[in-house]
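Reading through the structure tokens given below for one structure.
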Amino acid sequence: MASLKPITVHGHDSSANPWKVVMILEELGLPYNHIFVNIATIKDEPYTKLNPNGRVPTIEDPNTGITLWESGAIIEYLVETYDKEHKISSTSFPAKFHEKQFLHFQMSGQGPYYGQYAWFTRFHPEKVESAISRYEEQMFRVVGVLDKILEDKQYLVGDKISYADISFIAWESTARMVFADKIDRFKGFKNYDAWYERIAARPSVKKVFQLRADAMAKSSH
Ligand SMILES: N[C@@H](CCC(=O)N[C@@H](CS)C(=O)NCC(=O)O)C(=O)O
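Everything in the sequence shown is counted per my numbering, starting at 481 for the first residue and increasing by one.
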């Protein structure tokens, strides 16, 4: 991969979804530049010319000419284009589809519920108890589903690490940071917690945690 040009990630210093993509880039050993977009201008041009949805991440890959947004689609693209040795993906049936299943579960379950819980506890101008309890309940419901699946299992699909496992870590680590008052509840799901710590200990993931911590420390000065 030495001859590849760096992939540009339009992301953010603290937001989970761009760091989720960066974890996959690190895991695959791909060169990249992570640009922190100013969230205040994200719904305006020129950014919306890249991503009409006005959110991060978006990638631009000069090696293939693609511009792509939606973190789940970006992960599928990176794996299908660059994981030729199948380090974090499978080709066999049904593992290939189960990996997709879990990525879709992350995108439709974990990401939105965690995100809405963060919104209603941190940013929403009114305190809407019914919304807070709804999203808290759904957040821990998703954790409970994964906890059950992970009984006697090291990884989500077969006995192999995959992009499906890694895709959950950026949001989970964000939640453990932002909802620190809930840490015991997260840790109470024993299979889930052991799995989280297992993936979080990977060198690629540890590196991304450090990059995010450095970026956040810089931006608060
Ligand atoms: N489904 C999208 C969600 C992207 C998303 O919501 N990104 C957040 C950061 S994690 C964002 O751009 N927030 C800024 C905003 O909503 O204006 C994806 O996975 O890429």
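Glycine included, every Cβ here is placed at the ideal spot set by N, Cα and C.
Task: Cβ of Gln-581 within 8 Å of any chain D Cβ - done: Among the chains in the structure shown there is no chain D, since it carries only a single protein chain.
May I have a chain-ordered list of the alpha helix (DSSP H) segments no shorter than 4 residues that lie completely inside the region 486–532?
-> 496–508 and 527–530
Practice item. Would you check if there are 3 or more beta carbon pairs closer than 8 Å linking the region 519–537 to the region 583–590? Key: no
Using a Cβ-based criterion (distance less than 7 Å to any ligand heavy atom), does Met-657 qualify as near ligand 1?
no
(request) Starting from Glu-652, follow the alpha helix (DSSP H) in both directions and report where the run begins and ends. (result) 649–658
request  = Determine the extent of the beta strand (DSSP E) in which Trp-549 is found, giving its start and end residues.
outcome  = 546–549
request  = Look up Asp-541 in the DSSP assignment and say whether it is helix, strand or coil.
outcome  = strand
field: 3-residue-minimum beta strand (DSSP E) runs that sit fully inside the region 555–621, ordered along the chain
entry: none
- prompt: Nearest to Arg-621 by CA position, among Phe-600, Leu-583, Phe-666 and Asp-645, is which residue?
  reply: Phe-666
Do Asp-541 and Ile-487 have their C-beta atoms within less than 8 Å of each other? yes
Best match in Ala-697, Tyr-635, Gly-509 and Asp-493 for proximity to Lys-564 [C-alpha to C-alpha]: Gly-509
Next on the checklist: Give me, in chain order, the residues of the same chain whose beta-carbon lies closer than 8 Å to that of His-584; leave out the 5 immediate sequence neighbours on both sides.
Outcome noted: Gly-552
Heavy atoms of ligand 1 versus C-beta positions, residues under 7 Å: His-492, Ser-495, Ala-496, Asn-497, Pro-498, Ile-519, Ile-522, Lys-523, Gly-534, Arg-535, Val-536, Pro-537, Trp-549, Glu-550, Ser-551, Gly-552, Met-587, Gly-591 and Gly-595
Does DSSP classify Gln-634 as helix, strand or coil?
-> coil
Residue environment, Gln-690, which counts as buried when at least 16 other CB atoms sit within 10 Å:
exposed
Report the rounded CA-to-CA distance for Tyr-676 versus Asp-524, giving the unit in angstroms. 36 Å
Q.
Am I right that Ala-496 and Trp-651 are in contact with their C-beta atoms under 8 Å? What's the rounded C-beta distance?
A. 5 Å
Rounded to whole angstroms, how far is the Cβ of Ile-555 from the Cβ of Leu-548, which I believe are closer than 8 Å?
Rounded, the Cβ-Cβ distance is 10 Å, inconsistent with contact.
inquiry  = Mapping the DSSP letters down to three states, classify Val-625 as helix, strand or coil.
reply    = helix
Check your understanding: Just how far apart, CA to CA, sit Val-501 and Ala-680?
Key -> 15 Å
Does DSSP classify Val-536 as helix, strand or coil? coil
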